[in-house]
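The numbering used here applies: residue 24 is where the sequence shown begins, and numbers increase by one.
Note that beta-carbon positions come from the ideal geometry of N, C-alpha and C, so glycine has one too.
Data block below; observations after.
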Amino acid sequence: NKGIGVIINDHNVASTLSLCDRSYVIGEGVIIAEGTAKEIVNNKKVRDTYLGSDFKL
24 NKGIGVIIND
34 HNVASTLSLC
44 DRSYVIGEGV
54 IIAEGTAKEI
64 VNNKKVRDTY
74 LGSDFKL
């Protein structure tokens, strides 16, 4: 662990979440969620805004 951060901008959410220990979701220039893949996928605002109710990793 080198403590390096990388910003990835990608629309393939399942693929991107599988690469990251921690993710941030930005909507309208504001961070609306942060956490592990499981926390992001289970976040109601993220599901309502981006993922939809049927999204699965």
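What residue range is occupied by the uninterrupted alpha helix (DSSP H) comprising ILE63?
-> Here residue 63 corresponds to residue number 40 of the sequence shown, with the count starting at 1. ILE63 -> alpha helix (DSSP H) spans 60-64.
Just the Cα atoms here: how many angstroms apart are ALA60 and GLY26?
-> On the sequence shown, residue 60 is found 37 positions in, with the first residue counted as 1. On the sequence shown, residue 26 is found 3 positions in, with the first residue counted as 1. Going by the C-alpha atoms only, they are around 19 Å apart.
Return yes when the Cβ of GLY58 is within less than 8 Å of the Cβ of SER46, no when it is not.
-> Taking the sequence shown and counting its residues from 1, the one referred to as residue 46 is at position 23. Taking the sequence shown and counting its residues from 1, the one referred to as residue 58 is at position 35. Cβ distance < 8 Å, so SER46 and GLY58 count as in contact.
For ILE63, does the count of other Cβ atoms within 10 angstroms reach 16, so buried, or fall short, so exposed?
-> Stepping through the sequence shown from its first residue, residue 63 is reached at position 40. Counting Cβ neighbours within 10 Å, ILE63 comes out buried, since at least 16 surround it.
Output the distance between the C-alpha atoms of ALA37 and LEU80, rounded to the nearest integer angstrom.
-> Counting from one through the sequence shown, the residue named residue 37 turns up at place 14. Counting from one through the sequence shown, the residue named residue 80 turns up at place 57. Approximately 5 Å, taken between the alpha carbons.
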